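K.L.:
Sharing a structure here in structure tokens format.
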Amino acid sequence: MKQSLLKDTICLVLTRRPRSTARYLADTIGVSKSSVNAVLYKYADLFEATDAATPRWSVRTGGPARR
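Under this note's numbering, the first residue of the sequence shown is numbered 37, with each subsequent residue one higher.
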């Protein structure tokens, strides 16, 4: 799956189920966890994660990007 399509699909899933793990996203979409992580970190301005040991991801709602 192309990264642009994967990014859009991740956005859709996270809109319906915010605070999801990368593993959940990968299993739901049917791609590898490493593919999901590559998109999540590449588009850090679009996605945000909790600081937990297992990050939970959401679509960023506004404000400056944290890293």
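Glycine residues also receive a C-beta, built at the ideal position from the N, C-alpha and C atoms. None of these values were measured; they are calculated from a predicted model.
In angstroms, rounded to a whole number, what distance separates the CA positions of R53 and A74?
P.N.:
The residue given as residue 53 occupies position 17 in the sequence shown. The residue given as residue 74 occupies position 38 in the sequence shown. Going by the C-alpha atoms only, they are around 20 Å apart.
K.L.:
Measuring only the C-alpha atoms, how far is G98 from R55?
P.N.:
In the sequence shown, the residue the question calls residue 98 occupies position 62. In the sequence shown, the residue the question calls residue 55 occupies position 19. Between the alpha carbons of G98 and R55 lies a distance of about 16 Å.
K.L.:
Can you find the residues in the same chain that come closer than 6 Å, C-beta to C-beta, to T86, ignoring five residues on each side of it along the sequence?
P.N.:
Taking the sequence shown and counting its residues from 1, one reaches residue 86 at position 50. So the qualifying residues of the chain are R92.
K.L.:
Quick check: Y77 and K43, are their CB atoms within less than 7 Å of each other?
P.N.:
Numbered from its first residue, the sequence shown carries residue 77 at position 41. Numbered from its first residue, the sequence shown carries residue 43 at position 7. No, the pair does not count as a contact, with Cβ atoms beyond the cut-off.
K.L.:
Under a Cβ-count criterion, where at least 16 other Cβ atoms within 10 Å of its own Cβ denotes burial, should L61 be classed as buried or exposed?
P.N.:
Position 25 of the sequence shown, counted from the start, is the residue given in the question as residue 61. Counting Cβ neighbours within 10 Å, L61 comes out buried, since at least 16 surround it.
K.L.:
Which partner residues of V95 appear in the DSSP bridge assignment?
P.N.:
Locating residue 95 in the sequence shown gives position 59, counting from the first residue. According to DSSP, V95 bridges with F83.
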